[in-house]
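Data first, discussion second: the structure below is written as structure tokens.
Number of protein chains: 2
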Amino acid sequence: MDDLYRPIPYPLLIVISGPSGAGKDTVIRRMKERGLPFHFVVTATTRAPRPGEVNGQDYLFYSGEEFTQLMEKGEFLETARVYSDYKGIPKQQVRQALASGQDVVLRVDVQGAQTVRRLCPDALLLFLTTDSEEDLSGRLQQRQTESAEGLSLRLATAREEMSRLGEFDYVVPNRDQRLDETVDLILGIIQAEHARVHHRRVTL
Amino acid sequence: MDDLYRPIPYPLLIVISGPSGAGKDTVIRRMKERGLPFHFVVTATTRAPRPGEVNGQDYLFYSGEEFTQLMEKGEFLETARVYSDYKGIPKQQVRQALASGQDVVLRVDVQGAQTVRRLCPDALLLFLTTDSEEDLSGRLQQRQTESAEGLSLRLATAREEMSRLGEFDYVVPNRDQRLDETVDLILGIIQAEHARVHHRRVTL
Chain A
1 MDDLYRPIPY PLLIVISGPS GAGKDTVIRR MKERGLPFHF VVTATTRAPR
51 PGEVNGQDYL FYSGEEFTQL MEKGEFLETA RVYSDYKGIP KQQVRQALAS
101 GQDVVLRVDV QGAQTVRRLC PDALLLFLTT DSEEDLSGRL QQRQTESAEG
151 LSLRLATARE EMSRLGEFDY VVPNRDQRLD ETVDLILGII QAEHARVHHR
201 RVTL
Chain B
1001 MDDLYRPIPY PLLIVISGPS GAGKDTVIRR MKERGLPFHF VVTATTRAPR
1051 PGEVNGQDYL FYSGEEFTQL MEKGEFLETA RVYSDYKGIP KQQVRQALAS
1101 GQDVVLRVDV QGAQTVRRLC PDALLLFLTT DSEEDLSGRL QQRQTESAEG
1151 LSLRLATARE EMSRLGEFDY VVPNRDQRLD ETVDLILGII QAEHARVHHR
1201 RVTL
């Protein structure tokens, strides 16, 4: 009966999501900086590399044709259109990391999280938030790339995204100047999920 | 919509359970030593106070008659017979602590945990274990109070108790010399539970 004492550590598929401005990229960057033993998914994209970006490290850069072929083969867990470009989560990469026993971390928008849930019901869906709508608005305004029109559209989108919180497993406040607390809470959640008696069994 | 950003922190009913020898009392003692902001339930008992034990602090000491009256009024969340004495978890104490917004920690044996679950389906049930049956056996042997006969009975009981792991929410390994890791995992689980989108709502 010793297996009762040594449960198998099933790897998790951890989805970092939340409205635009909640800080998904920042949180994942800090997780990487802290050298945590997760596989961070490298997203596929059709956009051109920016100066300094490394293929296979920052992104997997594909031509529109290559991307379309992979999409038609059902090789993406989730895809999203960003202006005229496409982004996608490569299934095979996630499968391989899970097979090696690693927890996999990926970043998707709120809509994409539901696509992941549909394909993988046992995915762990985390919803990042700020402390208030004012904070969210403040962060979106700080982004130099946003025009006034873009900002109001983003805020309306964020409101719609907040209303979908109920479709997620955990809500993680990502407060200004308290990034490590956010990461610590995510680590606590992952640790707790590994201690669950009825653990998630991710299949793809 | 600001309530979406500031969820209500529903208090938890945290049940520390597990087979005899897993270290329930030791873990709770360390949690108290670390000054954690929980309400630790003071158990009611009919046994006589031992030297140095303080009524209302170590236990609530009741006569057999008083205890029986409370039991008949349904004032205990759970009761257990220990040799010729009785122990019980006072409902009113748990209710008051929860009403004040505090997380409540209590210790019950494996059978008692199921009684708590029946009365309070949203209780958080933690199952402490050792690394192996040998460790459990070693700990039981170290207890000077156990006769050889008592030990084999306890081991058989522990085996039966281990088989009921599936009725719990989380399994928490309590390894020798690593008591603070055990407490840290419990804190991680509690923190994660408070971050759940669909949180437990304890009613008694």
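First to last, the protein sequences are chains A and B. All residue numbers for the first sequence refer to the working numbering, where the first residue is 1 and numbers rise by one. All residue numbers for the second sequence refer to the working numbering, where the first residue is 1001 and numbers rise by one. Cβ coordinates follow ideal geometry from the N, Cα and C atoms, glycine included.
Membership of Lys1091/B in the alpha helix (DSSP H) is indicated by the continuous run 1091-1099.
Contact annotation for Phe168/A against chain B: Val1197 [CB-CB distance below 7 Å, chain order]. For Ala80/A, the uninterrupted beta strand (DSSP E) segment begins and ends at 76-82. At a cut-off of 9 Å between beta carbons, Ala1192/B contacts chain A. Gly188/A reaches chain B at Gly1188, Gln1191, Ala1192, counting residues in chain order whose Cβ is nearer than 7 Å. Residue contact check for Val171/A against chain B: a CB pair falls below 9 Å.
DSSP, reduced to helix, strand and coil, places Thr1045/B within a strand of the structure shown.
Residues of the same chain with a CB within less than 6 Å of the CB of Pro121/A, apart from the 5 flanking positions on each side, do not exist. Interface annotation, Phe1038/B: not in contact with chain A, CB-CB separation never under 9 Å.
Closest in C-alpha terms to Asp1176/B, from the list Tyr1170/B, Leu1128/B, Ala1156/B, Ser1163/B, comes Leu1128/B. Bounds of the beta strand (DSSP E) holding Phe1038/B are 1038-1040.
By the Cβ neighbour-count rule, Glu133/A is buried, with 16 or more other Cβ atoms within 10 Å of its own.
The beta-bridge partner set that DSSP reports for Lys87/A consists of Thr45/A, Ala80/A.
When C-beta atoms of the region 1038-1045 of chain B are compared with those of the region 1100-1116 of chain B, three or more pairs fall below 8 Å, so the two segments count as touching. Taking 8 Å as the upper bound on Cβ-Cβ separation, chain B lies near residues Phe127, Thr129 of the region 106-129 of chain A. Within the same chain, Cβ atoms closer than 7 Å to the Cβ of His1194/B are found at Pro1009, the five residues on either side in sequence being excluded. Residues of chain B whose Cβ lies closer than 9 Å to the Cβ of Leu13/A do not exist; the shortest such Cβ separation is about 17 Å. Close CB contacts of Arg196/A within its chain, under the 6 Å cut and outside five residues either way in sequence, are absent.
Val1183/B and Glu1072/B have their C-alpha atoms some 36 Å from each other. In the three-state reduction of the DSSP assignment, Asp169/A falls in the coil class. Close to Leu179/A, with beta-carbon spacing below 9 Å, lies no residue of chain B; the smallest spacing is near 16 Å. In the structure shown, Arg1139/B falls within a helical segment according to DSSP collapsed to helix, strand and coil.
Among the bridge pairs identified by DSSP, Asp1103/B is matched with Phe1038/B. Counting of Cβ neighbours within 10 angstroms places Asn55/A among the exposed residues, the total staying below 16.
The shortest CA-to-CA distance from Ala113/A to any of Thr46/A, Thr26/A, Glu161/A is the one to Glu161/A. DSSP, reduced to helix, strand and coil, places Thr1203/B outside both helices and strands of the structure shown, so it counts as coil. Take the alpha-carbon of Glu65/A and the one of Pro51/A: they are about 23 Å apart. Excluding five sequence positions before and after Lys32/A, the CB atoms of its chain that fall closer than 8 Å to its own CB belong to Phe40, given in chain order. In the DSSP assignment, Val1116/B falls outside any beta strand (DSSP E) and lies within the alpha helix (DSSP H) extending over 1110-1119. Listed as beta-bridge partners of Phe1067/B by DSSP are no residues whatsoever.
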